[in-house]
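A short worksheet on the structure shown next.
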Amino acid sequence: MATGSIRRSRFGALPWIGPAVVLILVMVVWPAIEMIRTSLHEIDQTGIAKGWNGISNFRTLIQNPDLPQTLIRTLIWVTVIVVFTVLISLPVAQILHGKFPGRKVVRYAIIVPWAASVVMTATIWRWMLDGFYGIFNRILQDLGILKEPIDWLGNPNLAFIFLMVVAIFVSVPFTTYVILAGLTTVPDDILEAGAIDGANGWKRYKEIIFPLLRPALLVSAVINLINVFNSFPIIWAMTGGGPGYSTDTTTTLAYKISFRDQDIGQSAAMATINFIIILIFISFFLKVSKWRETSE
Amino acid sequence: MKIKYSMRRVALGASLVLAASGVAGLVPVAHAATVDLQMVAADYPGDGKTQQAQWDALSKAFTAANPGITMTVNVVSWDVIDDKVKTLIATGKTPDIVNKGDYSAPAAAGLLYKASEMVSASTLADIVPTFLNNSKYNGTAYAVPDLASARALFYNKDILKKAGVTKLPTTWDELLVALKQIKAKVPGVYGYAVPMGPEEAQAEFSIWAGGNGGRLYDYTAKKWTVNSKANVEAMTYLNKLNNLKLIEPNPAKCDRTACAQTLFASGKAAFINGSVFLPAWLKANGGANLNLGTGSFVHNTGQEAVTLGVQDYFTAYKANGHQAEIQKFMDFLYQPANYADFLKAAGGFIPATKSAGAVAAKDPALAPFIALLPHAIFYPGDIATWPAVKGALQTSVGLAVTGSPAKVMADLQKKALAAK
């Protein structure tokens with residue numbers, strides 16, 4: 090009987106969490122193990138494994154001349170997009186939280202960039218910014234702001250800025266809604282109590298609402314961090330990481346190593362490093378944001 | 004407690020059923036004595052329609068003539084076919100027949116049947132020798148050419164007339180003068196559309212380098228020569244054209260179809276290096292009224308004019324052991340009537356068989372290109388590392404036109420030498 094109760098306490102939940110565990114094992118853990126295994130194998134151009142070769146793929150990767158630039162660019166990519174997404178989403182959520190006529194319509198409208206396929210969004214932006222036929226140049230020329238058309242995605246720096254703009258554009262809706270959900274959990278009685286103590290306007294936001302939004306902010310920031318880091322379609326559809334390698338992040342670089350340079354082993358090594366980078370990003374982020382203290 | 008245990012059993016049972024159905028979906032149901040040949044084919048432009056219909060019709064006719072063998076042909080676009088085939092092989096679903104632009108890597112890996120195993124002796128004897136020669140790895144043919152194309156210089160006669168260019172330039176120096184004249188007299192038009200974007204940068208590079216005697220691979224020394232003096236010189240020349248704004252802006256991101264051919268079709272570029280199928284493409288894409296001229300590629304003084312020949316291949320994989328069935332299908336495909344259907348669906352290419360070549364030589368659109376072929380340079384497609392070098396060229400050779408030619412080509416050479 091005693092052993093039975095111990096077993097029950099430990100495994101009693103299994104039927105309920107079992108399917109989820111199986112799903113995680115099959116969809117997450119197994120591919121991750123395969124990826125790491127591939128990174129330690131020699132794979133020939135046609136895709137056939139030729140046996141273990143230790144860390145030689147990682148050595149090749151470290152010597153890849155395009156890697157240092159790409160790592161720096163990835164860091165900029167993630168930081169800028171996550172920071173700006175949160176900075177834009179905070180006031181937008183605040184506006185959507187207020188009561189005004191047509192609020193429902195505005196709330197729906199903000200979902201659109203999120204609901205639309207990212208590849209579609211990126212493709213449309215690519216053609217809006219096209220140097221020969223883009224609507225951007227048309228408008229700016231008609232307004233007399235530009236004399237000559239600019240190929241917005243032809244210059245590496247400009248292209249990278251626009252890639253980030255699009256990434257922020259598609260990240261804002263989700264973040265806004267998470268913050269909005271956070272706003273609705275701020276209890277009215279606390280706000281009333283604050284009002285009695287003289288906390289109004291900016292002070293009320295800074296001292297009461299913002300601290301209470303922290304859990305929502307953390308969740309949205311972490312999810313954005315992962316999404317943005319792994320983001321492939323925006324870069325691929327708009328610039329293909331080019332010209333050359335000048336707008337690649339480590340995610341698109343991994344793809345290029347595999348399918349242009351035909352080096353699957355090195356590509357798996359890049360993917361493994363990506364996996365480690367994202368783990369470091371997240372643990373660093375949770376540490377500086379004192380995740381535990383907030384959740385306790 | 005009993006209830007709990009039985010619930011656990013139900014849950015366990017349910018997940019087993021789920022797992023079992025998943026497994027069942029993966030295991031193909033075996034048909035007695037029926038072989039299903041799997042084929043993956045790249046989609047030639049044709050008349051704007053996909054080739055799937057042509058392949059399906061051919062498969063049906065083949066099965067009718069050969070009961071017991073069915074065909075599954077999967078037509079995919081050019082930009083994904085290499086990834087698709089590689090993924091199929093890596094995941095153990097190797098197709099029987101592949102139709103695409105290279106063969107050397109799987110030939111080197113020992114995955115392919117020889118050409119003499121793919122088709123019967125009589126079919127093999129009908130293949131144009133030059134093309135079969137370009138299908139060899141270490142002296143043995145491991146692929147059967149499906150068709151070929153040659154490139155030529157295309158120009159917009161109206162633009163040249165407006166600019167007062169009366170003689171078609173043949174050398175780099177003459178071209179430079181002509182382009183400057185066009186820039187001065189025909190505003191809003193780019194002299195030359197140079198597509199150095201990823202789509203087909205390796206072709207554009209080979210044409211310009213070829214006009215300076217430059218090659219990618221030295222067959223005597225058995226070594227990649229990506230940054231040979233001649234190659235760097237050719238890129239330096241294009242770099243100069245770029246700095247003088249005589250070509251379209253940002254050539255490194257200008258893809259062949261969406262950028263260069265489109266500019267040319269809309270009358271915004273005077274010259275373009277085009278393929279044999281360009282006139283048909285222009286007709287279907289807004290360039291039907293162009294006053295089109297063709298000529299030889301320009302070359303550096305003291306060098307010869309060359310053309311680039313590009314051929315594609317059928318390859319057959321040994322993985323499923325279907326050699327007899329594959330040969331039956333390939334012979335069926337190369338029967339003159341069927342092969343003519345294939346060529347027609349592909350649209351305006353040069354045939355790879357002598358019998359179809361004799362017919363095509365009477366076609367005024369194809370004849371000049373067929374005449375060019377004996378002097379054509381081809382990609383070093385028989386070198387095992389060509390796919391990797393091609394990929395590296397597609398990614399960054401365009402930067403040689405906008406950046407430092409010597410450095411970009413040296414980096415590419417390093418990559419080529421490291422490819423394995």
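Note that the protein sequences, when read in sequence, are chains A and B.
Using our numbering, you'd call the opening residue of the first sequence number 90 and step up by one each time.
Using our numbering, you'd call the opening residue of the second sequence number 4 and step up by one each time.
We treat Cβ as the ideally placed atom computed from N, Cα and C, and that holds for glycine.
It should be emphasised that the depicted structure is a prediction, and the values quoted were computed from it without experimental measurement.
For residue i, three-class secondary structure by DSSP
i              : result
residue 354(A) : helix
residue 189(A) : coil
residue 143(B) : strand
residue 44(B)  : strand
residue 334(A) : coil
residue 325(B) : coil
residue 30(B)  : Reliability of the predicted coordinates at residue 30(B) is poor, the pLDDT of 45 falling under 50, and no value is obtained from them.
residue 242(B) : helix
residue 338(B) : coil
residue 295(B) : strand
residue 231(A) : helix
residue 168(A) : helix
residue 85(B)  : helix
residue 276(A) : coil
residue 145(A) : helix
residue 273(B) : strand
residue 122(A) : helix
residue 116(B) : coil
Residue environment, residue i, which counts as buried when at least 16 other CB atoms sit within 10 Å
i              : result
residue 256(B) : buried
residue 58(B)  : buried
residue 392(B) : buried
residue 342(B) : buried
residue 203(B) : buried
residue 219(A) : buried
residue 227(A) : exposed
residue 251(B) : buried
residue 190(B) : exposed
residue 40(B)  : buried
residue 27(B)  : Bear in mind that a pLDDT of 41 at residue 27(B), under 50, signals an unreliable position, so the number given afterwards is only what the model happens to contain. Its Cβ having fewer than 16 others within 10 Å, residue 27(B) is exposed.
residue 262(A) : buried
residue 367(B) : exposed
residue 116(B) : buried
residue 378(B) : exposed
residue 300(A) : exposed
residue 232(A) : exposed
residue 394(B) : buried
residue 319(A) : exposed
Contact under 8 Å by Cβ, residue i with residue j
i              : j              : result
residue 384(B) : residue 309(B) : no
residue 390(B) : residue 86(B)  : no
residue 209(B) : residue 380(B) : yes
residue 326(A) : residue 343(A) : no
residue 197(B) : residue 254(B) : yes
residue 147(B) : residue 300(B) : no
residue 274(B) : residue 194(B) : yes
residue 334(B) : residue 123(B) : yes
residue 317(A) : residue 256(A) : yes
residue 382(B) : residue 313(B) : yes
Contact belief for residue i with residue j at Cβ below 8 Å, rounded distance in angstroms
i              : j              : result
residue 201(A) : residue 322(A) : With a Cβ gap of about 17 Å, residue 201(A) and residue 322(A) do not count as contacting.
residue 433(B) : residue 397(B) : Because chain B spans 4 through 423 in this model, residue 433(B) falls outside it and cannot be assessed.
residue 331(B) : residue 72(B)  : 7 Å
residue 387(B) : residue 373(B) : Not a contact, Cβ separation roughly 30 Å.
residue 238(B) : residue 404(B) : 6 Å
residue 171(A) : residue 282(A) : With 8 Å as the limit, residue 171(A) and residue 282(A) do not qualify as a contact, their Cβ atoms being about 33 Å apart.
residue 183(B) : residue 249(B) : 7 Å
residue 165(B) : residue 188(B) : 6 Å
residue 127(A) : residue 305(A) : Contact flag wrong, Cβ pair sits at about 38 Å.
residue 123(A) : residue 354(A) : 13 Å between Cβ atoms; not a contact.
residue 363(A) : residue 340(A) : 6 Å
Residue i: CB within 7 Å of a non-hydrogen atom of the ligand GTP
i              : result
residue 108(A) : In terms of ligand content, the structure shown is empty, and the ligand GTP therefore cannot be addressed.
Is the number of C-beta pairs between the region 59-72 of chain B and the region 110-118 of chain A that are closer than 8 Å three or more?
no
Taking 8 Å as the threshold, find out whether the region 65-77 of chain B comes into contact with the region 106-116 of chain B through three or more Cβ pairs.
no
For the 8 Å Cβ check, are there 3 or more pairs between the region 130-141 of chain A and the region 363-379 of chain A?
no
Measuring CB atoms only, is the region 335-350 of chain B touching the region 44-55 of chain B, in the sense that at least three cross pairs come out at less than 8 Å?
yes
Touch check for the region 86-99 of chain B and the region 307-326 of chain B: three-plus C-beta pairs under 8 Å?
yes
Are the region 291-311 of chain B and the region 355-367 of chain B in contact at 8 Å, needing three or more beta carbon pairs?
no
Would you call the region 266-275 of chain A and the region 243-254 of chain A in contact, with 3 or more CB pairs under 8 Å?
no
Okay, do the region 155-164 of chain B and the region 137-144 of chain B touch, 3+ Cβ pairs below 8 Å being the bar?
no
Using 8 Å as the cut-off, can you tell me whether the region 151-158 of chain A makes contact with the region 339-359 of chain A, which would need three or more C-beta pairs spanning the two stretches below that distance?
yes
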